[in-house]
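The next block holds one structure in the form of structure tokens; read it before the comments.
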Amino acid sequence: MARYFVGDIQGCYEELMLLLLRVDFHPSRDELWSVGDMVARGPESHKVLGFMTSLGDAAKVVLGNHDLHLLAITAGLKRAKPSDKLKKLLESKHLPGFIDWVRHQPLMREIPEHKLIMTHAGVPPQWDLATLRTEAGEVSKLLQSDGYLSLIGAMYTDEPEAWDPTASGFLRHRYCIDALTRMRYLHPDGRLDFACKKPPSDCTTELKPWFELPSELDDHTLVFGHWAALMGHTGKANRIALDTGCCWGEDLTLWQLESGEKITQKKLNLG
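The following block contains the structure:
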């Protein structure tokens, strides 16, 4: 069995198919681990979700901010933007099944024997593994419950910026969602910052990438996406960044756990 980790697909279905063809991926023996943001910005989000749901247990997915935003759009809480290119997905007869499947995907996955963790954006440096499991698990339970729309409706805010272990309810859940699906930079005191999206070389403020701060999980490999400006570079062997901006005209990246090899596919010109 080979385990392949793919960066933010974001509707880039043809590029995904070419990558999987190159590695002779087969769901009967291999697994495809997605760092999230399967939909939006690329042209074929409907085909991406159709493929991912067809993989059964061979698909190991975590949710990204665009996947959560899809839940808000389909619930009528937000409007889709033309730039999201979601029209075919939203008009698909399979949409209810896709949405149910998305709701049942977690915010984190792990391979304990490899001390490997996958989330969409990263893990707050002050969280240990037990905290990550607990906080991500609580959000997942809410997403799978009948009252999940209350959580979706409450997540559109940048507050709180700081982790407070004494917080409760949506205040606590919002921090978890923001940290695991939107985080890039942190202030020196650990507070989240959402204003800067530039690569670290262009950031002249006091801000630091989350993966440069001392972490409770320094001995783990963290696999993530979300930050296309990094173009796959973190400077750390156990911080694996896989968003390489395919939907922006760059590459889709596949990383194989067993070999450590990265394989890229340039964005196709689909007219």
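At position 200 of the sequence shown (counting the first as 1) the number is 200 in full-length UniProt numbering, and the numbers step up by one without a gap.
Where is the CB? At the ideal position from N, CA and C, for every residue including glycine.
Proximal residues to residue i (C-beta, below 6 angstroms), its chain only, five neighbours per side dropped
i	result
Leu254	Tyr4, Val6, Leu19 and Ile263
Asn238	Thr221
Lys78	Ala72
Thr53	Trp101
Glu135	Cys176
Asp128	Glu216
His66	Asp37, Val39 and Ala40
Lys60	Glu31, Trp33 and Arg109
Exposed unless 16 or more other CB atoms sit within 10 angstroms - verdict on residue i
i	result
Gly260	exposed
Lys47	buried
Asn269	exposed
Ser45	buried
Met183	buried
Met1	exposed
Leu11	Checking the sequence shown, residue 11 turns out to be Gly, not Leu. Buried is the call here.
Asp37	buried
Gly147	exposed
Glu159	exposed
Tyr13	buried
Simplified DSSP state of residue i, which is helix, strand or coil
i	result
Ala59	strand
Trp127	coil
Thr253	strand
Thr244	coil
Phe25	coil
Arg41	coil
Glu15	helix
Glu258	coil
residue 283	As shown, the chain starts at 1 and ends at 271. That puts residue 283 outside it, with no answer to give.
Leu132	helix
Leu268	coil
Ser34	strand
Residues near residue i in its chain [Cβ-Cβ closer than 8 angstroms; skip 5 each side]
i	result
Ala80	Ile73, Leu86, Lys87 and Leu90
Ser83	Arg41
Val35	Phe5, Val6, Gly7, Asp8, Val62, Gly64, Met118, Thr119, His120, Val223, Phe224, Gly225, His226, Leu242 and Asp243
Ala228	Asp8, Asp243, Thr244, Gly245, Trp248 and Glu250
Thr97	The sequence shown places Gly at residue 97, rather than the Thr named in the question. The residues are Thr53.
Leu207	Tyr185, Leu186, His187, Asp193 and Cys196
Glu258	Ala2 and Arg3
Leu107	Val62, Leu63, Thr119, His120, Ala136, Val139, Ser140, Cys176, Ile177, Leu180 and Thr181
Trp163	Pro124, Gln126, Trp127, Tyr175, Ala179 and Gly190
Same chain, Cβ closer than 7 angstroms to residue i, five either side skipped, listed in chain order
i	result
Thr234	Phe211 and Ala241
Arg29	Met1
Glu161	Arg191 and Leu192
Ala58	Pro27, Asp30, Glu31 and Leu32
Ser150	none
Gly50	His94
Met24	The sequence given here places Asp at residue 24; Met does not occur at that position. Nothing meets the Cβ criterion.
inquiry  = So, does the segment 140-156 touch the segment 101-110, judging by three or more C-beta pairs under 8 angstroms?
reply    = Cβ pair count under 8 angstroms is three or more, so yes.
ask   = Where in the segment 155-240 do unbroken runs of the alpha helix (DSSP H), each at least 4 residues long, occur, reported from the N-terminal end onward?
value = Those alpha helix (DSSP H) runs which fall completely within the segment 155-240 and span 4+ residues are 169-181.
**Asked** Where are the beta strand (DSSP E) runs, 3 residues long or more, that stay fully inside the segment 68-119, in chain order?
**Response** Listed in chain order, they are 109-111 and 116-118.
- prompt: When the Cβ atoms of the segment 106-113 are set against those of the segment 196-204, are three or more pairs found closer than 8 angstroms?
  reply: The segment 106-113 makes no contact with the segment 196-204: fewer than 3 CB pairs, one atom from each, lie closer than 8 angstroms.
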